[in-house]
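*Asks:* I'd like to ask some things about the structure below.
There are 2 protein chains.
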Amino acid sequence: MSATVTISNRQFGRVPLPAEFLARISARFGNGFTQSRPILEQHGSNESHFGQSVPDAVVFAQSTADVVALVNLCAEYGVPITPYGAGTSMEGNALAINGGISLDMSQMDKVIAVNAEDFDCVVQPGVRREELNVHLRDQGLFFPIDPGANATIGGMASTRASGTNAVRYGTMKDAVLSLEIVTPQGKVIRTARRARKSAADYDLTRLYVGSEGTLGIITEVTLRLHPVPETISAAVCSFDTLGGAVDTVVQSIQCAVPLARVEILDKKQMVAVNRWSKLDYPEAPTLFFEFHGSAANVAEQVETVKTLAEANGGSAFSWSNLPEERTKLWRARHEAYYAAVNMRAGAIGWATDVCVPISRLAECIAETHVDLDASSVPATILGHVGDGNFHVIFSIDPDAPDEMAEVEAINARLVERALAMDGTCTGEHGIGIGKQARLVAELGDAVEQMRMIKRALDPQNILNPGKIFAMI
Amino acid sequence: MSATVTISNRQFGRVPLPAEFLARISARFGNGFTQSRPILEQHGSNESHFGQSVPDAVVFAQSTADVVALVNLCAEYGVPITPYGAGTSMEGNALAINGGISLDMSQMDKVIAVNAEDFDCVVQPGVRREELNVHLRDQGLFFPIDPGANATIGGMASTRASGTNAVRYGTMKDAVLSLEIVTPQGKVIRTARRARKSAADYDLTRLYVGSEGTLGIITEVTLRLHPVPETISAAVCSFDTLGGAVDTVVQSIQCAVPLARVEILDKKQMVAVNRWSKLDYPEAPTLFFEFHGSAANVAEQVETVKTLAEANGGSAFSWSNLPEERTKLWRARHEAYYAAVNMRAGAIGWATDVCVPISRLAECIAETHVDLDASSVPATILGHVGDGNFHVIFSIDPDAPDEMAEVEAINARLVERALAMDGTCTGEHGIGIGKQARLVAELGDAVEQMRMIKRALDPQNILNPGKIFAMI
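Chains A and B supply the protein sequences, listed in that same order. Residues in the first sequence are numbered consecutively from 23, following my numbering. Residues in the second sequence are numbered consecutively from 23, following my numbering.
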């Protein structure tokens, strides 16, 4: 028996696709439509702990017109559509748990325009963030949002992704200027113009960002860009205690140091990183920093942070100033999930995610460590400490059925702890399948407002059904 | 005959309040309920060009419970409620054009909590931004959003206000962490926790911010704060040409200078400012700057900007580094509207507002100047140049009926011009009464999504009816 969370028993209303629908969709999409088993299985899998949940078919969209045609067909036959980007989401957000069509957006991968003077660009949703940054490099611009995985821009918008740079540059809520959306009625709308701000209410852009494909399908994204800083310096600093590391960050922010990245890794995570990435950092609570600015400004930021770190039990800074050194450092950070999961051969990963007011972060992590120390399931903590956002990564034995239940219980306590501190059940992974009950615990009656919006915009419930608040 | 825009002919469904409703509301609210004519007239007036539109009654809320009681009573009798803060909005946003209750929130003016370590605070909606900053001063924190007027925080959230600091610190969309809302069904919800970010979709906070009181009534606001910068320097620089001023700003942003404020004022606006504020600035296109940071960082920013200004035909910088000098400078900027309107004795003001991609700003202002030069109505241009956002302030003779029509036509062309440049019909004033047709021109079918949301959340249409998209 697999210990992954089975979701088949949560499925409802799954019926075979009508033959007439299949004939029409096949005629419309040709090779862009498939029911090939390996492709279905690939689109039914994900990087997290949810079991496979295969769609009935996969459609590869090439254009907005393709999406409109698909939505119109699916609306006619009541077939669910679940948009799919790179499949890197952590809460089962892109799994077609009610069957129907997995709409693969990855072939809509053109950069449509870069408006360098306006610091923005227009892209198709299948563009991946790393490729976008390669495209922008020559123009002295970059797109800062970095959730770790090389996700698609459409997927990142749909889950309101953030990651390592959010402390300085914000999240997808801040990065998206405008969206082209195909509505469940098959209409193509644009949520905003390319101006940097607008009071032309309501804020549809922010409503679709983070709605996990349940309200409309993103077919184009206008993104805010930033000038590449004159100087980028990265450093690693280890601490006697995790509290000392957190205090250093809080005090840096109080001193208005515009940290570009500041990541916390606990001792176990550092052991895993060293082993996975073949590094030899001290195996102690650690901060990974990145500073952006002019040479003089970076020097000044570093001076302030070094002084604070020293006062909080921090080591000397280990510097990575050359681009290839920085790449190595951040690759190690980005692979931290795989590093943690693979501490155990054949293990399944489960990454959970909470965010609390920063004044409560040290306490929240400390209490969580007590829980983890008492557990038989290996786990590490790492996170975006400047936002108060951290992850616990569990490394679960798939042949030990009790472990999944144990992790469920630890996760439930973690979320309760975060909520008791006026935090949120998810800083950046979204609700998806896994956190629906937690959403209600967090926002109560406000969830009913979300349901009213969903029913109003998608009365047939054809877009990514079963997600966010559908099961509770 | 008055030349103000008459709105009585736009009203619909205005019926006298039922006697039973009046008896019950009077019993519930006592002195907090009034039909006194001067108070009705005060709540039926505004700072802009819209004619008076008196409500049937005014209720002064003291608490969330008051708002719930009022909403329940109004829902039972189908009576409209229009929330009212400081009455400083520019598009008639808070005018009760369908009669009913003007809900005055100004007495809910407590600062509930300041969480200094988390850089946030919790306030009632009637707190005004200047009083909030006085309250925060001792703690080394400030609330940056500054629309000029000493507006209420609730009103600023409702219109998605921004203003002079937005180029560095964002708008109310960025400043609001969470809202307490009374729904049209009389439920009290909280849109988010106090964490700095969240992926607990949908983003209700951003949906209510900018919804002009049409979806729910704001009864509490959690705001993001910032540390007071170590050094603040302000300067004025005049230019040979307006294009030179705009280019200086665009190039500064390209050089990643984190300008805290950068305001453009055209020659006529400078004449008005000098006369109104008794100053003697050169009467030429001018930038007002403010720089925030450490002493060294501010010096570096200034050096970059001075070099760019010089290359673009800018004068030497005139500095205001003492707090009282800065206050004088920004008071002059904030009174620019009154300065412009009062160039003509007894005139009525009309401030319109567009925002375009910054690459098009110089062109947009230049073309608008051609229109203004051909008009008999005096007008000035000033704006938040770092965002691409500018205002035209008309000074209209109320006894010359043709002037209002002439301004309507210039405003229509201005919006068309901004939209043709992929800009928005309003950067910060909102839609209110005045820009409903422009909203449709800008967003087309997306407006239907807004209507669907309004119908879903407020099916009785009791909250601020007649606004945003109701007339078109």
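All residues carry an ideal CB built from backbone N, CA and C; glycine is no exception.
Where do the N-terminal and C-terminal ends of the alpha helix (DSSP H) with B/F43 fall, by residue?
*Replies:* Here residue 43 of chain B corresponds to residue number 21 of the second sequence, with the count starting at 1. Unbroken alpha helix (DSSP H) run through B/F43: A41 to F51.
*Asks:* Hey, is B/N486's beta-carbon within less than 8 Å of any beta-carbon in chain A?
*Replies:* Taking the first residue of the second sequence as position 1, residue 486 of chain B is located at position 464. It does not; no Cβ of chain A falls within 8 Å.
*Asks:* Taking Cβ-Cβ distances shorter than 7 Å, what residues in chain E pair up with A/I494?
*Replies:* The displayed structure is made up of protein chains A and B, and chain E is not among them.
*Asks:* Taking A/C377 as the query, report the chain B residues whose CB atoms sit under 8 Å from its CB, ordered along the chain.
*Replies:* Position 355 of the first sequence, counted from the start, is the residue given in the question as residue 377 of chain A. Ordered by position in chain B, the residues that pass the 8 Å Cβ test against A/C377 are A217, R218, K219 and S220.
*Asks:* As a quick exercise: from A/L199, A/L237 and A/Q84, pick the residue whose alpha carbon is nearest that of A/G208.
*Replies:* The residue you call residue 208 of chain A lines up with position 186 of the first sequence. Checked all of A/L199, A/L237 and A/Q84; the closest Cα to A/G208 is A/L237.
*Asks:* Can you name the residues of chain A whose CB is closer than 7 Å to the CB of B/H451?
*Replies:* Start at 1 with the first residue of the second sequence, and residue 451 of chain B comes out as number 429. Residues of chain A passing the Cβ test: A221.
*Asks:* What does DSSP give as the partner residues of A/L201 in its beta bridges?
*Replies:* By one-based count along the first sequence, residue 201 of chain A stands at place 179. DSSP, once it has assigned bridges, lists A/V243 as partnering A/L201.
*Asks:* Among B/I134, B/E139 and B/D140, whose alpha-carbon lies nearest the alpha-carbon of B/L154?
*Replies:* By 1-based counting over the second sequence, the position of residue 154 of chain B is 132. For the residues B/I134, B/E139 and B/D140, the minimum Cα distance to B/L154 belongs to B/I134.
*Asks:* Taking all protein chains shown into account, decide if B/S24 is buried (16 or more other Cβ within 10 angstroms of its Cβ) or exposed.
*Replies:* Within the second sequence, residue 24 of chain B is the residue found at index 2, counting from 1. Low per-residue confidence applies at B/S24: pLDDT is 36, beneath 50, and the placement is therefore not dependable enough to give any value.
*Asks:* By how many angstroms is the C-alpha of A/I239 removed from the C-alpha of A/H157?
*Replies:* Start at 1 with the first residue of the first sequence, and residue 157 of chain A comes out as number 135. Start at 1 with the first residue of the first sequence, and residue 239 of chain A comes out as number 217. Taking the straight line joining both Cα atoms gives about 25 Å.
*Asks:* Please confirm if the region 334–349 of chain A is in contact with the region 279–299 of chain A, defined as three or more CB-CB distances below 8 Å between the two stretches.
*Replies:* no
*Asks:* Quick check on the DSSP output: what are the complete beta strand (DSSP E) runs of length 3 or more inside the region 382–448 of chain A, in order along the chain?
*Replies:* 401–406 and 411–418
*Asks:* Within the same chain, show all residues whose beta-carbon is closer than 6 Å to that of B/F310, passing over the 5 residues directly before and after it, in chain order.
*Replies:* By one-based count along the second sequence, residue 310 of chain B stands at place 288. Hits under 6 Å: V258, E285 and R355.
*Asks:* Enumerate in chain order the residues of its own chain whose CB-to-CB distance from B/A492 is below 7 Å, with the five nearest sequence positions on each side excluded.
*Replies:* For the purposes of this step, residue 492 of chain B is taken as the residue at position 470 of the second sequence. Taking C-beta separations shorter than 7 Å and ignoring five residues to either side along the sequence, B/A492 has no partners in its chain.
*Asks:* Compare the Cα-Cα distances from B/I403 to each of B/R46, B/L436, B/D421 and B/D419 and report the closest residue.
*Replies:* Within the second sequence, numbered from 1, the residue matching residue 403 of chain B stands at position 381. Of B/R46, B/L436, B/D421 and B/D419, the residue nearest in Cα terms is B/L436.
*Asks:* I want to know whether the region 442–454 of chain A touches the region 212–229 of chain B - three or more CB-CB distances under 8 Å.
*Replies:* yes
*Asks:* To the nearest whole angstrom, what separates the beta carbons of B/E450 and B/D375, a pair I think is in contact under 8 Å?
*Replies:* Residue 450 of chain B sits at position 428 when you count from the first residue of the second sequence. Residue 375 of chain B sits at position 353 when you count from the first residue of the second sequence. Contact flag correct, Cβ pair sits at about 6 Å.
*Asks:* Using beta-carbon positions only, say whether A/E234 and A/G454 come within less than 8 Å of one another.
*Replies:* As a working note, residue 234 of chain A is residue 212 in the first sequence. As a working note, residue 454 of chain A is residue 432 in the first sequence. The answer is yes: Cβ separation under 8 Å.
*Asks:* Does the beta-carbon of B/R59 have 16 or more other beta-carbons within 10 angstroms, so that it is buried, or is it exposed?
*Replies:* Within the second sequence, the letter at position 37 stands for residue 59 of chain B. Exposed, because fewer than 16 other Cβ atoms sit within 10 Å of the Cβ of B/R59.
*Asks:* Please confirm whether B/P40 has its beta-carbon closer than 8 Å to some beta-carbon of chain A.
*Replies:* Residue mapping note: residue 40 of chain B aligns to position 18 of the second sequence, counting from 1. No, B/P40 does not count as interfacial toward chain A.
*Asks:* Answer yes or no: do B/V399 and B/F416 have a C-beta to C-beta separation smaller than 8 Å?
*Replies:* Taking the first residue of the second sequence as position 1, residue 399 of chain B is located at position 377. Taking the first residue of the second sequence as position 1, residue 416 of chain B is located at position 394. Closer than 8 Å, so yes.
*Asks:* In whole angstroms, what separates the C-alpha of B/Y224 from that of B/E428?
*Replies:* On the second sequence, position 202 is the one that residue 224 of chain B refers to. On the second sequence, position 406 is the one that residue 428 of chain B refers to. Each residue's Cα considered, the two are about 43 Å apart.
*Asks:* State the Cα-Cα distance for the pair A/K457 and A/M112, rounded to the nearest angstrom.
*Replies:* Taking the first sequence and counting its residues from 1, the one referred to as residue 457 of chain A is at position 435. Taking the first sequence and counting its residues from 1, the one referred to as residue 112 of chain A is at position 90. Whole-angstrom Cα-Cα distance: 11 Å.
*Asks:* Compute the beta-carbon to beta-carbon distance between A/A496 and A/S128, rounded to the nearest angstrom, for a pair I have assumed lies under 8 Å.
*Replies:* The requested residue 496 of chain A does not occur in the structure, where chain A is confined to residues 23 to 494.
*Asks:* Consult DSSP for A/I494 and reduce its assignment to one of helix, strand or coil.
*Replies:* Counting from 1 along the first sequence, the entry for residue 494 of chain A is found at position 472. Coil, per DSSP.
*Asks:* Kindly indicate if chain A contains any beta-carbon less than 8 Å away from that of B/V448.
*Replies:* For the purposes of this step, residue 448 of chain B is taken as residue 426 along the second sequence, with counting starting at 1. Correcting the residue identity first, residue 448 of chain B is Thr in this sequence and not Val. Yes - at least one Cβ of chain A is within 8 Å of the one on B/T448.
*Asks:* Can the beta-carbon of B/A294 be found closer than 8 Å to that of B/A362?
*Replies:* As a working note, residue 294 of chain B is residue 272 in the second sequence. As a working note, residue 362 of chain B is residue 340 in the second sequence. Against a cut-off of 8 Å, the Cβ pair of B/A362 and B/A294 comes out as a contact.
*Asks:* At a CB-CB cut-off below 8 Å, which residues of chain A make contact with B/Q161?
*Replies:* Translated into the one-based positions of the second sequence, residue 161 of chain B becomes position 139. Ordered by position in chain A, no residue passes the 8 Å Cβ test against B/Q161, which lies about 11 Å from the chain.
*Asks:* For B/C96, collect the residues of the same chain with a Cβ closer than 6 Å to its Cβ; drop the 5 residues on either side in sequence, then sort them by chain order.
*Replies:* Residue 96 of chain B sits at position 74 when you count from the first residue of the second sequence. So the list reads I103 and I484, once near-sequence residues are dropped.
*Asks:* On the three-state DSSP scale, how would you describe A/H314?
*Replies:* Position 292 of the first sequence, counted from the first residue, corresponds to residue 314 of chain A. Here A/H314 carries a strand assignment [DSSP, helix/strand/coil].
*Asks:* Determine the DSSP secondary structure at A/N137, reduced to helix, strand or coil.
*Replies:* Within the first sequence, the letter at position 115 stands for residue 137 of chain A. In the three-state reduction of the DSSP assignment, A/N137 falls in the strand class.
*Asks:* According to DSSP, is A/D78 helix, strand or coil?
*Replies:* Within the first sequence, the letter at position 56 stands for residue 78 of chain A. Three-state DSSP puts A/D78 in coil, outside helix and strand.
*Asks:* If you follow the alpha helix (DSSP H) that A/C96 is in, where does it begin and where does it stop?
*Replies:* Here the question's residue 96 of chain A lines up with position 74 in the first sequence. Where A/C96 is concerned, the enclosing alpha helix (DSSP H) stretches over T86 to Y99.
*Asks:* For A/S30, count neighbouring Cβ atoms within 10 angstroms of its own Cβ and tell me buried if that reaches 16, exposed if not.
*Replies:* For this step, residue 30 of chain A is matched to residue 8 along the first sequence. Annotation note: pLDDT 37 at A/S30 (below 50); position unreliable, coordinate value reported separately. Flag for A/S30 reads exposed.
*Asks:* Quick one: what does DSSP say B/Y360 is sitting in, helix, strand or coil?
*Replies:* Start at 1 with the first residue of the second sequence, and residue 360 of chain B comes out as number 338. DSSP places B/Y360 within a helical segment (H, G or I) once states are collapsed to three.
*Asks:* Taking B/I494 as the reference, which of B/A478, B/A463, B/I475 and B/Q482 has the closest Cα?
*Replies:* On the second sequence, residue 494 of chain B is found 472 positions in, with the first residue counted as 1. Cα-wise, what sits closest to B/I494 is B/A463.
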